[in-house]
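**Q** Protein chains in written order, with the UniProt record's numbering: chain A, 1 to 353; chain B, 1 to 353.
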DNA sequence: CTGAAAGCGCTTACAG
DNA sequence: CTGAAAGCGCTTACAG
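1) Under 8 Å, Cβ to Cβ, is there at least one residue of chain B near residue 303 of chain A?
2) For residue 233 of chain A, which of A/343, A/247 and A/225 has the nearest alpha-carbon?
3) For the beta strand (DSSP E) that residue 342 of chain A lies in, which residues bound it at each end?
4) Using the Cβ count rule (16 or more neighbours within 10 Å means buried), how would you classify residue 90 of chain A?
5) Any idea what DSSP makes of residue 52 of chain B, helix, strand or coil?
6) Using C-beta distances below 8 Å, list every residue in its chain close to residue 330 of chain A, excluding the 5 sequence neighbours before and after it, in chain order.
7) Can you give me the C-alpha to C-alpha distance between residue 231 of chain B and residue 266 of chain B, rounded to a whole angstrom?
8) Just reading off the alpha helix (DSSP H) that residue 167 of chain A is part of, what are its end residues?
9) Do you know offhand how far residue 125 of chain A's Cα is from residue 77 of chain A's?
10) For residue 105 of chain B, which residues of its own chain have a beta-carbon under 7 Å away from its beta-carbon, when the five flanking residues on both sides are left out?
11) Is the CB of residue 74 of chain B under 8 Å away from at least one CB in chain A?
12) Tell me, please, whether the CB atom of residue 322 of chain B is closer than 8 Å to any CB atom in chain A?
13) Under 8 Å, Cβ to Cβ, is there at least one residue of chain A near residue 53 of chain B?
14) Are residue 264 of chain B and residue 312 of chain B closer than 8 Å when you measure CB to CB?
15) Using 8 Å as the Cβ pair cut-off and three pairs as the minimum, do the region 174-191 of chain B and the region 280-296 of chain B touch?
16) For a contact meaning CB atoms closer than 7 Å, what does residue 8 of chain A contact in chain B?
17) Assuming residue 235 of chain B contacts residue 187 of chain B (C-beta within less than 8 Å), just tell me the rounded distance between them.
18) Give me the DSSP bridge partner(s) of residue 101 of chain B.
19) Please report the straight-line C-alpha distance between residue 338 of chain B and residue 337 of chain A, rounded to a whole angstrom.
20) Check each residue of the region 101-112 of chain A: if its Cβ is closer than 9 Å to any Cβ of chain B, include it; give the result in chain order.
21) Measure the alpha-carbon distance for residue 352 of chain A versus residue 183 of chain A and round it to whole angstroms.
22) What's the call for residue 136 of chain A, buried or exposed, on a 16-neighbour Cβ count within 10 Å?
23) So, does the region 293-301 of chain B touch the region 295-315 of chain A, judging by three or more C-beta pairs under 8 Å?
24) What does DSSP give as the partner residues of residue 124 of chain B in its beta bridges?
25) Using 8 Å as the limit for Cβ to Cβ distance, is residue 77 of chain A near chain B?
26) Distance, Cα to Cα, residue 226 of chain A vs residue 200 of chain A?
27) So, does the region 13-21 of chain B touch the region 34-50 of chain B, judging by three or more C-beta pairs under 8 Å?
28) Give every residue of the same chain whose Cβ lies closer than 8 Å to the Cβ of residue 39 of chain A, excluding the five residues on either side of it in the sequence, and list them in chain order.
29) Pull up the distance between the alpha-carbon of residue 192 of chain A and that of residue 121 of chain B, whole angstroms please.
30) Give me the residue from A/70, A/47, A/27 and A/68 with the minimum Cα distance to residue 53 of chain A.
31) Once the 5 residues before and after residue 117 of chain A are set aside, which same chain residues still bring their CB inside 8 Å of it?
32) Going along the chain, which residues of the region 117-150 of chain B sit with their C-beta nearer than 7 Å to a C-beta in chain A?
33) Roughly how many whole angstroms lie between the Cα atoms of residue 87 of chain A and residue 93 of chain A?
34) Could you give the residue range of the beta strand (DSSP E) that holds residue 235 of chain B?
35) My assumption, with CB atoms under 8 Å, is that residue 170 of chain A sits in contact with residue 341 of chain A. Please give the rounded CB distance.
36) What did DSSP end up calling residue 82 of chain A once you bin it into helix, strand or coil?
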């Protein structure tokens, strides 16, 4: 804004010699207008350099043609790619995206939701920072703002649609691949180390971060293969490369080190990969390694990294579509879509020697 | 929206037993209100679940507290990182970001600008798709929407601020590094091959894409080193890995191949790196390679890639700050900031054997 | 097809 | 400090 006296519809109407109602109809493409009026109004608008005030329009129509997207970090390739999927499907439908970076902080997420709500977005796609905290999301739905959960579920939000990856299955495939190759001592590098105790008892799928779901999947996949899980082989790391490096090193230092390592995320994978290299371990002969997500570097390193490829872009596309559907379909039974990840075997995995 | 009868300020005022003016002042934090009124209004608002209608507020105040950001591709790590820089500095200042993906298409960019303008954003940060087309940006500035150019300039937009990288200097450093090591036949992989003829004559810095500026920088750096440029060593590629792979292969197939290769972008660098690997060339002994941008993979591959590191995150931060300054400073002489890139020498460069 | 009038939900002088 | 009234710039019944 800040523009000093931008021409309004009243100005255009006066210039065209019609009523504001007619001018509005001609410019907005609604209602009936004669060709003659339409032309005169169009001319007048062009002459004056008229731009519709979307604020005023939205206030009346009840639609802003804007969607909120809340993620923890846009610069993370995962979210950046999903975001691209979202905009690719919503922009052609006439929606713009209002982006908010929560930094993984629930309070920031709460504030962002409030802002989105005040700005009257038509719907929101959110990757909840903390699956256990869903009250603010439920509230949004209550006041009529459709919510689609992306990548992870949240508890206490029964009416939110969701689009997630079948992480349990994804990890099962990865572990299955290693078992088939003959591995029995399979380690895991995870950022859900803190949920370990929690996982042992509960079986709540709702309200778990992907990392925790993957860790649980790791245990059940081992069980399915008849392998007794050894918690010594769980390398807990924070979400950064250095920490993963240390966790991997720790496992490799074991008296009986694992012959294979599963990383539940690509940031962790890069740390583990580096740790293996620095130790002079030859992959896959001396160590098999599996990562998550098919990023460029995984094909550039030697050996190329075997990965579980998530359909990240598609995740965004599906979430966008689901939100659009919900926006014009109105409230109703929540829909939950689960996309399948795919194992891409490359040269970092082989039979143990 | 869509919410059926959300409570308005009138409802809150009635519930609190005050006028809408007082209710508005209490909730909006402007004007004078007695503590007593403030409390009653706050209670009433909480009871009713009142949410301010930002649309109505913005219409009056003339500010939406929203910034537009237009880039060609959010999923590109470069833009994703810059975007994070933008939100990190503008969100704390109370601004939200309206994101638009132009796909590098000027028409899409024009449409996006129009939408941003109708939505009355307080300002716009844009990485112009085509530096030669700036009319729509100039128009936005004319109607009072501050514009900050990101990463590249555009012609015909004299009043836009800009934050860019000093690409000329960045390339000069890279070439200088190679020359110092003793290289004389230095090839370049570029996506600005089409601008070659254009570059030979003109010297317009304005309105050139970074890739073209870098290519020009390559030529002038060679000249500075007293090396006669050999256009045979210019490998033109499209903006994808495969094309860069082919371009690099073409140069390496030359009767007199280059001993060093400069890639003006990291996507191109990954293609060239792969090409060198596939040819069995040992880096840096048989070929020196330099990339752009310091992405994770550059330290994961062996040898680690020597790169020109752009301050991408900072680019976003600076652009965000500049826009905020402009928004509360009002129009004035355009400011142009140029950030310096830095050469990070790793193991992919050495003296030619 | 057209227009006069009401109204969306706020904030802002203005007067008290 | 408080309130009645005007007004931001549109769209929407309603009547013609």
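Even for Gly, the Cβ is constructed at its ideal location relative to N, Cα and C.
**A** In brief:
1) Locating residue 303 of chain A in the first chain gives position 303, where the first residue counts as 1. With its beta carbon at least 8 Å from every one in chain B, residue 303 of chain A lies outside the interface.
2) Residue mapping note: residue 233 of chain A aligns to position 233 of the first chain, counting from 1. Per the Cα distances, A/247.
3) If you number the first chain from 1, residue 342 of chain A lands on position 342. 342-344 is the span of the beta strand (DSSP E), which, as asked, contains residue 342 of chain A.
4) Within the first chain, the letter at position 90 stands for residue 90 of chain A. Label assigned to residue 90 of chain A: buried.
5) Locating residue 52 of chain B in the second chain gives position 52, where the first residue counts as 1. Looking at residue 52 of chain B - three-state DSSP - the assignment turns out to be coil, as it is neither helix nor strand.
6) In the first chain, residue 330 of chain A corresponds to position 330, counting from 1. For residue 330 of chain A, where only same-chain residues beyond five positions count, there are no Cβ hits under 8 Å.
7) Here residue 231 of chain B refers to the residue found at position 231 of the second chain. Here residue 266 of chain B refers to the residue found at position 266 of the second chain. Taking the straight line joining both Cα atoms gives about 22 Å.
8) Your numbering for residue 167 of chain A matches position 167 in the first chain. Counting along the chain, the alpha helix (DSSP H) containing residue 167 of chain A begins and ends at 167-181.
9) Taking the first residue of the first chain as 1, we reach residue 125 of chain A at position 125. Taking the first residue of the first chain as 1, we reach residue 77 of chain A at position 77. Between residue 125 of chain A and residue 77 of chain A, the C-alpha separation is close to 17 Å.
10) Numbered from its first residue, the second chain carries residue 105 of chain B at position 105. The residues are 129.
11) Locating residue 74 of chain B in the second chain gives position 74, counting from the first residue. Output row for residue 74 of chain B: interface = yes.
12) Taking the second chain and counting its residues from 1, the one referred to as residue 322 of chain B is at position 322. Chain A contact via Cβ: absent.
13) Stepping through the second chain from its first residue, residue 53 of chain B is reached at position 53. Judged by the 8 Å Cβ criterion, residue 53 of chain B is in contact with chain A.
14) In the second chain, the residue the question calls residue 264 of chain B occupies position 264. In the second chain, the residue the question calls residue 312 of chain B occupies position 312. No, Cβ-Cβ distance for residue 264 of chain B and residue 312 of chain B is not below 8 Å.
15) yes
16) Locating residue 8 of chain A in the first chain gives position 8, counting from the first residue. Chain B residues near residue 8 of chain A: none, gap ~11 Å exceeds 7 Å.
17) The sequence position of residue 235 of chain B within the second chain is 235, counting from 1. The sequence position of residue 187 of chain B within the second chain is 187, counting from 1. Indeed, because the Cβ distance is near 6 Å, the residues count as touching under 8 Å.
18) On the second chain, residue 101 of chain B is found 101 positions in, with the first residue counted as 1. Paired residue(s): B/71.
19) Reading the second chain from its first residue, position 338 is the one you call residue 338 of chain B. Reading the first chain from its first residue, position 337 is the one you call residue 337 of chain A. Whole-angstrom Cα-Cα distance: 46 Å.
20) 101, 103, 108 and 112
21) For the purposes of this step, residue 352 of chain A is taken as the residue at position 352 of the first chain. For the purposes of this step, residue 183 of chain A is taken as the residue at position 183 of the first chain. Using only the alpha carbons, I get a separation of about 6 Å.
22) Along the first chain, one-based indexing puts residue 136 of chain A at 136. Buried, by the Cβ-count rule.
23) yes
24) Within the second chain, residue 124 of chain B is the residue found at index 124, counting from 1. Partner(s): B/68 and B/147.
25) In the first chain, counting from the first residue as 1, residue 77 of chain A sits at position 77. It does: the Cβ of residue 77 of chain A has a partner Cβ on chain B nearer than 8 Å.
26) Here residue 226 of chain A refers to the residue found at position 226 of the first chain. Here residue 200 of chain A refers to the residue found at position 200 of the first chain. Going by the C-alpha atoms only, they are around 17 Å apart.
27) yes
28) Here the question's residue 39 of chain A lines up with position 39 in the first chain. Excluding positions up to five away in sequence, the list is empty.
29) Within the first chain, the letter at position 192 stands for residue 192 of chain A. Within the second chain, the letter at position 121 stands for residue 121 of chain B. Taking the straight line joining both Cα atoms gives about 40 Å.
30) Reading the first chain from its first residue, position 53 is the one you call residue 53 of chain A. The residue with the shortest Cα to Cα distance from residue 53 of chain A is A/27.
31) As a first step, residue 117 of chain A must be located in the first chain, where it is residue number 117. Taken in chain order, the residues that qualify are 140, 143 and 145.
32) Cβ contacts with chain A come from 117, 118, 119, 120, 122, 143 and 144.
33) One-based indexing of the first chain puts residue 87 of chain A at position 87. One-based indexing of the first chain puts residue 93 of chain A at position 93. Looking at the two C-alpha atoms, the distance is approximately 10 Å.
34) Counted from its first residue, the second chain places residue 235 of chain B at position 235. Element bounds for residue 235 of chain B: 234-236.
35) Here residue 170 of chain A refers to the residue found at position 170 of the first chain. Here residue 341 of chain A refers to the residue found at position 341 of the first chain. That belief holds up - the Cβ atoms of residue 170 of chain A and residue 341 of chain A are roughly 4 Å apart, short of 8 Å.
36) Indexing the first chain from 1 puts residue 82 of chain A at position 82. Of the three classes helix, strand and coil, the one that applies to residue 82 of chain A here is helix, per DSSP.
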